[in-house]
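Asker: My questions all concern the structure below.
2 protein chains.
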Amino acid sequence: MSAPLRVGIVGFGVVGQSTAQTLAEHAEDIHRRTGQRLAVTWVCRRTPLAPAAIPAGACATQDWRAVVAAADVDVVVETVGGVQAAAEIVRAALEAGKPVVTANKNLLAARGDELFALAQARHIPLGFEAAVAGGVPVVRAIAEGAAGDRLIALRGILNGTANYILTRMEEDGLEFETALGEAQRAGYAEADPTLDVEGIDARDKLAILARLAFGARVEPERIARQGIRGVTAVDAHYARALGGSIRLIAAAERGPGGVDLSVRPWLLARNSMLARVTGVNNAVLLTGARTGTQLFSGPGAGGPATSIAVVSDLIEIAAARAAGRLAAKAPPGFGTVPEMALCTQPPEAPWYMRLTVADRPGIVARVAAALAEQDINIDAVAQEPGMEKSRLSWVVTTEPAAAASVRAAQEEIEKCDFMRAPILLLRSALKE
Amino acid sequence: MSAPLRVGIVGFGVVGQSTAQTLAEHAEDIHRRTGQRLAVTWVCRRTPLAPAAIPAGACATQDWRAVVAAADVDVVVETVGGVQAAAEIVRAALEAGKPVVTANKNLLAARGDELFALAQARHIPLGFEAAVAGGVPVVRAIAEGAAGDRLIALRGILNGTANYILTRMEEDGLEFETALGEAQRAGYAEADPTLDVEGIDARDKLAILARLAFGARVEPERIARQGIRGVTAVDAHYARALGGSIRLIAAAERGPGGVDLSVRPWLLARNSMLARVTGVNNAVLLTGARTGTQLFSGPGAGGPATSIAVVSDLIEIAAARAAGRLAAKAPPGFGTVPEMALCTQPPEAPWYMRLTVADRPGIVARVAAALAEQDINIDAVAQEPGMEKSRLSWVVTTEPAAAASVRAAQEEIEKCDFMRAPILLLRSALKE
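Protein chains in written order, with the numbering used here: chain A, 717 to 1148; chain B, 717 to 1148.
Here's what the structure looks like:
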């Protein structure tokens, strides 16, 4: 039997502690199934740990350099989060010849190229299954499972907080602010929910998945983005009436000249697989030229689920090390790869447009004219009965149209003095 | 740049030819995303190939030994199917020091222990992602992604033919024989559909997944099995009325004393993720102690989708070889592992029981008495109006009860002279 893999955990918060717990509680299962033994020998946190919080048999320190340098640490788990300090820790570990496992999407989005290049140059693995959709092994699925396919499209629910809020609005008729408050009380949303509800977190994750899927580099800032703050209880109501559900979708799709990347709320058919993904779950729908469509779904975050992703990387490193065959597999799309060409003319799609107006004659004609000016065909107009006349919400759905045309029409309409609130635009996949 | 991995394909049918096509058509994509180049140098089929069917630049032969021995073959793809010849081919390749990729579940179910032990002894990879649920990378998901979790349950739709038939019965009200005929005409079912509709194919795949999930050996013959021949249009109708869908489910679940393994038709809630898996798709729902529930779904079979699974294994081998680090990762549950302990008392579950009777007084009382004798509580009795009095189908759903008790009651009831057809028993997950 080979010696156990000795694990040093830097950043002993929720994920770090869950990782230590998983390694302790599942030690026998892991050994039986994989033949590997892993033991936590060091943990590091900036603030001192109570003795009871330190894993049995492990040393605790407040100085990460002690963990990286420790003779009894074979692999470093980075769960501090953030970019600057995390990058320093990962660099130091790789330079010390120690494999690293990270759960840090921000780090990879900002410094992934540099870190994977270093890992590859040193032939040292850098695992990151936990960085996207913690409880869904989607990094493996795209980088390895689909490695032979030509990927055409990817649609993901990558932010559990936004999905929880949209699900609560749909199921319980809540307004956005109420659902957000409940998410905060349940511990699913931060006090400042900007990263989640504005789609920034989903965008950063999409950048990583798009790199893996298309083998080229893309900065998150280049991805079109619309959050869910503009979605109201009225929209959830109209969505239901139309047979749909609203979800925040991170999408990548091949089009003319390159890949179209966006994060925005979509109106999905209520029976579609992605609409069935509720609460804090994550999911990725992957379409390949030869495989067709695959769905992967599961819990998006949380300590226990994320720790399983960390441990899966650790077990892979343990097995390679036991065989004397450590190697760095640079993931597709990271390192010295070309920049991703983005689509110049994104594929046309149908849209849902909700307008809130002061009721008076001529409004529909004015809106229809603005759409016609952009060559956009109206599919349907819906107005639920019983609404306040001074603040009337109604909906236009369109035939497939370019995002740019729809936005131009939106701007035109929003200049009109009958408008009482910003237009909400949803990409529609109702008829798919 | 390292030399391309030279691939010899033995068994040049649907999957073999699709693999050659994928490697040719996706060569540039694969190289860009993974840095690997792969080329088919030999193909073998028992019957001669037309020149047009031979991949460009490859040699063709009718003798598999020529492929295994060829100096310009680095890895052997086994897509002949069956057990005896396939085992000989895989053994010979491993003994010649050549990695093997197989899509052959029958081979692994029958000879997996021996072949993986050989691969491990020689430190040579034996890939088999394609052997279960071709278009879903579920082998990776269970063996690697979930390697750190303690798995509690697995439910899979592992046979696309059976799922196609059940979906057609549900959507179009077809009888079993009609739906089977359509599956045969569409090329989804064999002339002799026994392996698919009796659950034998699903059982063999479940044996492989259960090994991976629980790390122990199990012979397919030890798995309880009920096919879908007994499901009728009346059952599809009752299922719909109850808010459910019928699916053939391969299930593994930890219980007292071991794992409960079965393949049988289930009544699922129509909104559940597995019920949303329609047509020839496959899916696996995996529940881990820490991850919670994950779903993986996609096309179950077909040349193109299966070829992507074969190619994913080939790319992994190419990368390991390029790094000079070929190694055999023995999958969990294969090789010299203990026999799986099976559950002595399977978990209780609710059931759906459809009876076809000659209408006369006292039948419900007799059936209720037989159930009461086994301590089974009735949940509901349903009878749709407008049925023939001489052949009346009605349904009893039960509270959770042991499979053995339900079967005992079934035997008792089937002895009654008012019975006009065998009882259909479905495990019910309507209320989950």
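The beta-carbon is built from N, C-alpha and C at its ideal position, and this holds for glycine as well.
Could you check where the alpha helix (DSSP H) with Pro1020/B kicks off and where it finishes?
Answerer: 1019-1038
Asker: Counting pairs of beta carbons, one from the region 913-922 of chain A and one from the region 940-952 of chain A, are three or more of them closer than 8 Å?
Answerer: yes
Asker: Nearest by alpha-carbon distance to Ile725/B: which of Asp888/B, Arg838/B, Asp951/B, Ile770/B is it?
Answerer: Checking every option, the nearest Cα to that of Ile725/B belongs to Ile770/B.
Asker: Following the continuous alpha helix (DSSP H) through Asp920/A, name the residue where it begins and the one where it ends.
Answerer: 916-930
Asker: Under 7 Å between C-beta atoms, does Ala774/B make it to chain A?
Answerer: no
Asker: Do we get a CB-CB distance below 7 Å when we pair Asp745/B with the residues of chain A?
Answerer: yes
Asker: Strictly under 7 Å for the Cβ-Cβ distance: is Glu1148/A near chain B by that measure?
Answerer: no
Asker: Check whether chain A comes within 7 Å of Arg933/B, counting only Cβ atoms and requiring the distance to be less than that.
Answerer: no
Asker: What does DSSP give as the partner residue(s) for Cys775/A in the beta ladder?
Answerer: Answer by DSSP bridge pairing, in chain order: Trp758/A.
Asker: Compute the distance between the beta-carbons of Ala952/B and Glu886/B, then report whether it is under 7 Å.
Answerer: yes
Asker: Gln1010/B bridges to which residues according to DSSP?
Answerer: Looking at the DSSP output, Gln1010/B shares a beta bridge with Leu1002/B.
Asker: Give me the Cα-Cα distance between Ala1038/B and Tyr880/A, rounded to the nearest whole angstrom.
Answerer: So the two alpha carbons sit approximately 45 Å from each other.
Asker: So is His839/A buried or exposed if we call it buried at 16+ other beta carbons inside 10 Å?
Answerer: exposed
Asker: Give the residues of chain B in contact with Gln1099/A, contact being defined as C-beta atoms less than 8 Å apart.
Answerer: Identification of chain B residues near Gln1099/A by a Cβ-Cβ cut-off of 8 Å yields none; the smallest Cβ-Cβ distance measures about 29 Å.
Asker: Just confirm the distance between the C-beta atoms of Ser1106/A and Ala1074/A, as a whole number of angstroms; I'd bet it's less than 8 Å.
Answerer: 6 Å
Asker: What's the C-alpha gap between Leu1140/B and Cys1132/B?
Answerer: 15 Å
Asker: Name the DSSP bridge partner or partners of Met1069/B?
Answerer: Paired residue(s): Val1112/B, Leu1141/B.
Asker: Counting contacts by CB-CB distance shorter than 7 Å, is Glu969/A in contact with chain B?
Answerer: no
Asker: Distance, Cα to Cα, Val979/A vs Leu1142/B?
Answerer: 42 Å
Asker: Express the C-alpha separation of Pro1101/B and Ala1085/B in angstroms, rounding to a whole number.
Answerer: 24 Å
Asker: Please confirm whether Asp865/A has its beta-carbon closer than 7 Å to some beta-carbon of chain B.
Answerer: yes
Asker: Taking Asp745/A as part of the alpha helix (DSSP H), name the residues at either end of that continuous run.
Answerer: 743-750
Asker: Leaving out the 5 sequence neighbours to the left and right, which residues in its chain are closer than 8 Å to Ala786/A when beta-carbon positions are compared?
Answerer: Gly724, Thr757, Trp758, Cys775
Asker: Quick one: which residues of the region 1055-1069 of chain A get their C-beta closer than 9 Å to a C-beta of chain B? List them in chain order.
Answerer: none
Asker: So, is Arg761/A buried or exposed, given that buried needs 16 or more other C-beta atoms within 10 angstroms?
Answerer: The residue in question, Arg761/A, is buried, as its Cβ has 16 or more Cβ neighbours within 10 Å.
Asker: How would you list, in chain order, the residues of chain A whose beta-carbon sits under 7 Å from the beta-carbon of Gly851/B?
Answerer: Thr1007, Gly1008, Gln1010
Asker: Determine which residues of the region 1020-1034 of chain B have a Cβ less than 7 Å from any Cβ of chain A, and write them out in chain order.
Answerer: Pro1020, Ala1021, Ser1023, Ile1024, Val1027, Ser1028, Ile1031, Glu1032
Asker: Determine whether the Cβ of Thr757/A lies closer than 7 Å to any Cβ atom of chain B.
Answerer: no
Asker: Closest by CA to Lys1147/B, which one among Ile1024/B, Gly960/B, Val950/B, Leu1030/B?
Answerer: Gly960/B
Asker: Kindly list the residues whose CB is nearer than 6 Å to the CB of Thr738/B, restricted to its own chain and excluding five residues on each side of it in sequence; keep chain order.
Answerer: Ser1023, Val1027
Asker: Residue ranges of each beta strand (DSSP E) run of no fewer than 3 residues wholly in the region 941-974 of chain B, ordered along the chain?
Answerer: 960-971
Asker: Give me the Cα-Cα distance between Leu983/B and Ala991/A, rounded to the nearest whole angstrom.
Answerer: 22 Å
Asker: The ligand COA and Val1080/A: does the residue's C-beta get closer than 6 Å to at least one heavy atom of that ligand?
Answerer: Among the components of this structure there are no ligands whatsoever, and the ligand COA is therefore not found.
Asker: Please determine, among Thr750/B, Ala755/B, Ala863/B, the residue with the shortest C-alpha to C-alpha distance to Asp1029/A.
Answerer: Ala863/B
Asker: Which word fits Gln733/A, buried or exposed, when buried means at least 16 other C-beta atoms lie within 10 angstroms of its C-beta?
Answerer: buried
Asker: Roughly how far, in whole angstroms, is the beta-carbon of Ile939/A from the beta-carbon of Leu922/A, given that I think they are within contact range, below 8 Å?
Answerer: 6 Å
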